[in-house]
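Residue numbers (the working numbering): 1372 to 1526. Report on the structure given below.
Spelled out as structure tokens, the structure:
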């Protein structure tokens, strides 16, 4: 049996949300589907890979997190709650994320493997991304790398 692509899973979830009349899930998945379609058109391919879809989902989650901050600053907790519900739907399509401790262990392993007195942040992030793949978002990885490199700078 061939592996299901995320596109097929999303289409099925859209159908299920329509049947259940769950408008939050339905609207969120429709927006996600449109974002995926935009990337597909941009790349000029018939269908994008699951890795590309993960990137789209991450981007959509980040947009909503940024919106939550803005809504909370403007005392609009109702709109922030709506964004939080959308994030919950979107995160269901991401692979299980590595914990900060797991990320830290991989970063330390990469730093040790570079054998540099002062490794560059880009080298460490690049090496860690290869090992972690889709299991970590860029912000978490960047924060952990910066913290570990700062720890190395201290005598």
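Virtual Cβ for every residue (Gly too), placed ideally from N, Cα, C. The structure presented is a predicted model; accordingly, all values stated were derived computationally and were not measured.
Query, Result
"Residue 1378 in three-state terms, based on DSSP", "helix"
"Nearest candidate by alpha-carbon position, reference residue 1420, set 1377, 1452 and 1387", "1377"
"Host alpha helix (DSSP H) of residue 1490 (start-end)", "Run containing residue 1490: none; DSSP gives neither H nor E here."
"Residue 1372 burial status per 10 Å Cβ neighbour count (16 or more: buried)", "Because the pLDDT of residue 1372 is 42, which lies under 50, any placement of that residue in the model is unreliable, and the number read from its coordinates should be weighed accordingly. Exposed is the call here."
"Rounded straight-line distance, which links the Cα of residue 1384 to that of residue 1392", "12 Å"
"Same chain, Cβ closer than 8 Å to residue 1395, five either side skipped, listed in chain order", "1453, 1456, 1457 and 1460"
"Cβ neighbour criterion (16 or more within 10 Å) applied to residue 1416", "exposed"
"Alpha helix (DSSP H) runs contained entirely in the segment 1434-1471, provided each spans 4 or more residues", "1448-1462"
"CA-to-CA distance, residue 1448 to residue 1490, given in whole angstroms", "43 Å"
"Alpha carbon of residue 1518 to alpha carbon of residue 1483, nearest angstrom", "15 Å"
"Exposure label - residue 1443; buried when at least 16 CB within 10 Å", "exposed"
"Exposure label - residue 1431; buried when at least 16 CB within 10 Å", "buried"
"Selected residue, minimal CA-CA separation from residue 1467, among 1507, 1521 and 1399", "1507"
"Spatially closest choice to residue 1399 from 1381, 1390 and 1411, by CA coordinates", "1381"
"Reduced DSSP secondary structure (H/G/I, E/B, other) of residue 1506", "helix"
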